Every structure is written in structure tokens, then in C-alpha cells.
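The structure appears below as C-alpha cells.
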Amino acid sequence: MTDAVKLAVRIAAAQLSGLSRTRTLVPAGPFTGLLAPSGPDYLNYTVAARPGEPVQDPAEVDAGLDALRAAFPEGTLRFELIDEAAPGAVDALEGAGLGVTLRVPVLTIEPPDLVRPEPAPGVTVELVTTEHDHVLGSVLAHRAFGMGGADLPTGPPPEPPDGGMVLARMDGEPVAVASWTPVADGVTEVVGVATVEEYRRQGFGGLVTAYAVDRVVALAGATLAWLTPGSADADRVYRKVGFRPVATAVHLAEEPAL
Numbered sequence: 001m002t003d004a005v006k007l008a009v010r011i012a013a014a015q016l017s018g019l020s021r022t023r024t025l026v027p028a029g030p031f032t033g034l035l036a037p038s039g040p041d042y043l044n045y046t047v048a049a050r051p052g053e054p055v056q057d058p059a060e061v062d063a064g065l066d067a068l069r070a071a072f073p074e075g076t077l078r079f080e081l082i083d084e085a086a087p088g089a090v091d092a093l094e095g096a097g098l099g100v101t102l103r104v105p106v107l108t109i110e111p112p113d114l115v116r117p118e119p120a121p122g123v124t125v126e127l128v129t130t131e132h133d134h135v136l137g138s139v140l141a142h143r144a145f146g147m148g149g150a151d152l153p154t155g156p157p158p159e160p161p162d163g164g165m166v167l168a169r170m171d172g173e174p175v176a177v178a179s180w181t182p183v184a185d186g187v188t189e190v191v192g193v194a195t196v197e198e199y200r201r202q203g204f205g206g207l208v209t210a211y212a213v214d215r216v217v218a219l220a221g222a223t224l225a226w227l228t229p230g231s232a233d234a235d236r237v238y239r240k241v242g243f244r245p246v247a248t249a250v251h252l253a254e255e256p257a258l
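Take 1 as the starting number for the sequence shown in full-length UniProt numbering and just add one per residue.
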């Protein structure tokens with residue numbers, strides 16, 4: 001097993017372990033479904049149950065899909081896999097009728113490699129510690145991703161080992177946000193990196209990403225952060241602050257019934 005594959009397996013195992021703390025688990029043979037009990041559908045997806053092991057048995061895959069279809073709301077079954085951590089899984093799922101919806105690099109960073117941009121005059125970046133700012137950052141991210149304002153968090157933000165958020169302001173106005181997922185085995189995923197439209201291409205994405213990594217390292221003991229870029233532009237932003245590609249993320253979903 002190469003170092004890159006070992007890293008992919010570590011990430012996939014930590015993803016399953018970390019998210020298991022807040023999701024309902026659906027055992028499904030070589031896969032595990034993750035359902036958010038009171039969250040929106042986009043938080044429901046399936047990952048590899050045994051990172052590092054090949055997926056080879058078509059009967060086990062079919063039985064797993066039956067279990068997942070019975071548990072997931074109709075039309076929402078989808079997979080988020082790290083290809084190198086689940087060899088054979090993508091081919092098996094395509095053979096069972098699912099389609100690839102996304103294929104992007106998995107970028108990772110370790111603390112010594114982090115490049116911390118200097119905030120411009122008038123810009124502040126802070127850890128979110130209040131319910132008000134937690135909601136504010138979530139609204140900003142939802143709007144940036146075209147998700148409206150539904151399913152906003154309630155209550156104070158979690159403690160850093162269980163996830164967190166940083167919020168950038170320009171002259172006091174919120175302009176960018178980044179979050180991280182629960183830390184497991186020292187690993188966390190940076191998610192929800194978003195900038196208000198009129199402030200894009202001004203360095204805020206890299207700024208909040210770097211600050212999120214800095215905070216999760218300092219406050220939750222993370223030793224590895226990872227993410228998946230949503231575009232070529234985002235990929236370049238993340239690499240500027242020290243992220244490097246190590247694997248491939250593949251998302252799959254069931255084709256809609258005719």
C-alpha cells in the first residue's frame with residue numbers, strides 16, 4: 001500500500017468515525033449510510049464501511065443497496081467515496097445502475113505546510129463562538145451555494161473537536177465563512193467555504209480556509225485537514241494556502257426513475 005493510499009484510507013476511516021457521532025448509521029455491507037436525523041437531504045449520503053478493503057462481491061453490493069434504498073428518502077440515495085480507499089466500489093456501483101455525478105481531487109494539508117495570508121486593512125477573521133454568528137455564517141454559506149435560508153442551526157456552535165466555523169468581516173460586515181467537521185484520528189474536513197458574491201476573487205476564500213485549518217489544529221488537535229474543491233478556481237485557491245492532491249473523490253447517485 002503506497003503512502004498516498006494509506007492517507008486516503010486514513011481520511012475515509014476518519015470521515016466515517018467523525019460523522020458517526022452525529023448521524024444515524026445504516027449498515028449496508030461494504031457501505032454505511034449516514035442519515036442526519038433532522039437535517040436537510042444533502043447531509044444524507046453513503047460512504048465506504050471498510051476503508052482499505054476492495055469491494056468485490058456483487059451480491060453484497062446488491063444487498064447493501066437494498067438496505068440503503070429502504071432507509072433513505074426516495075430519490076436521495078447517493079455516495080461520497082474516496083476512490084483509492086474503496087477499490088472496486090465505483091465500478092460496482094456503476095454496474096448496479098448508479099451514475100457518477102462528480103469526480104474531483106482530494107486535497108490535504110498538514111500543519112507545517114499551512115500558508116497563512118495576512119488580512120487586508122479592515123478585515124478580521126474570528127472563530128464563531130455565539131449562536132448569532134453561527135446563524136449568520138450559515139446564512140452566508142447557504143446563500144452562496146444557492147440553498148436559501150432553510151435548515152439553519154439553533155443553539156451555540158459545537159466545541160471545536162465536534163466541528164467549528166470561522167467568519168471573516170470587512171469593516172464589520174460578514175463576507176466569508178469556512179467550517180470544519182468533527183475531528184477523528186486527528187483528521188477533519190474543511191467544508192462550506194463561501195464568500196459573498198461582491199467580495200469574491202479578493203482572497204477571502206483562501207483567508208478563511210487557512211484560518212479554519214489554523215483554529216482546528218490549535219483548538220482540536222487536528223494533524224490533517226482535507227477538502228474537495230468545487231471548481232478549478234477553488235482548487236487554485238486551496239493550493240495557494242498549502243493544500244496538495246493525494247486522492248480522488250467520486251460521488252455517485254441513482255438515476256431518476258422514468
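The C-beta atom is built at its ideal place from N, Cα and C for all residues, glycine as well. Here the structure is a predicted model, which means the values were calculated and not measured.
Original post:
Going straight from the alpha carbon of residue 70 to that of residue 252, what length do you get?
Top reply: Their backbone Cα atoms lie some 18 Å apart in a straight line.
Original post:
Near residue 254, which residues of its chain fall below 6 Å by C-beta distance, leaving aside the five closest residues on each side in sequence?
Top reply: Closer than 6 Å at Cβ, skipping near neighbours: 77 and 98.
**OP:** Report the option in 112, 185, 195 and 168 whose CA atom is closest to the CA atom of residue 242.
**Re:** That would be 112, whose Cα lies nearest to the Cα of residue 242.
Original post:
Can you tell me the Cα-Cα spacing of residue 52 and residue 9, whole angstroms?
Top reply: Roughly 5 Å separates the two Cα atoms.
Original post:
Taking the beta strand (DSSP E) that residue 169 falls in, what are its first and last residues?
Top reply: Counting along the chain, the beta strand (DSSP E) containing residue 169 begins and ends at 164–170.
**OP:** Could you please give the first and the last residue of the uninterrupted alpha helix (DSSP H) stretch that includes residue 238?
**Re:** For residue 238, the enclosing alpha helix (DSSP H) starts and ends at 232–240.
**OP:** Tell me whether residue 69 sits in a helix, a strand or coil according to DSSP, three-state version.
**Re:** In the displayed model, residue 69 falls within a helix according to three-state DSSP.
Subject >> Three-way DSSP call (helix, strand, coil) for residue 294 in this model >> reply: Given a span of 1 to 258 for the chain in the structure shown, any question on residue 294 remains unanswerable.
Original post:
For residue 262, which of helix, strand or coil comes out of DSSP?
Top reply: Examination of residue 262 is not possible in this model, given that the chain is present from 1 through 258 alone.
Subject >> Nearest-angstrom Cα separation, counted from residue 55 out to residue 258 >> reply: In this predicted model, residue 258 has a pLDDT of only 43, less than 50, meaning its place in the structure is not dependable; the value taken from the coordinates is given anyway. For residue 258 and residue 55, the distance between alpha carbons rounds to 29 Å.
Original post:
From this set, 127, 129, 152 and 216, which residue's C-alpha is nearest residue 189's C-alpha?
Top reply: For residue 189, the nearest C-alpha among the options comes from 216.
Subject >> Strand pairing of residue 11, partner residues [DSSP] >> reply: Within the DSSP bridge table, the entry for residue 11 names no partner.
Original post:
Along the chain, where does the beta strand (DSSP E) that runs through residue 74 open and close?
Top reply: The continuous stretches of beta strand (DSSP E) do not include residue 74, and DSSP gives it neither H nor E.
Subject >> Identity of the residues DSSP links to residue 227 by a beta bridge >> reply: Bridge pairing for residue 227: 107 [DSSP].
**OP:** Please classify residue 126: does DSSP put it in a helix, a strand, or coil?
**Re:** Residue 126: strand per DSSP, three-state reduction.
**OP:** With DSSP as the reference, label residue 55 as helix, strand or coil.
**Re:** Note: residue 55 maps to coil in three-state DSSP.
**OP:** May I ask you to verify whether the segment 79–94 touches the segment 172–180, counting CB pairs closer than 8 Å and requiring at least 3?
**Re:** A contact is defined here as three or more CB-CB pairs under 8 Å, and the segment 79–94 fails this definition with respect to the segment 172–180.
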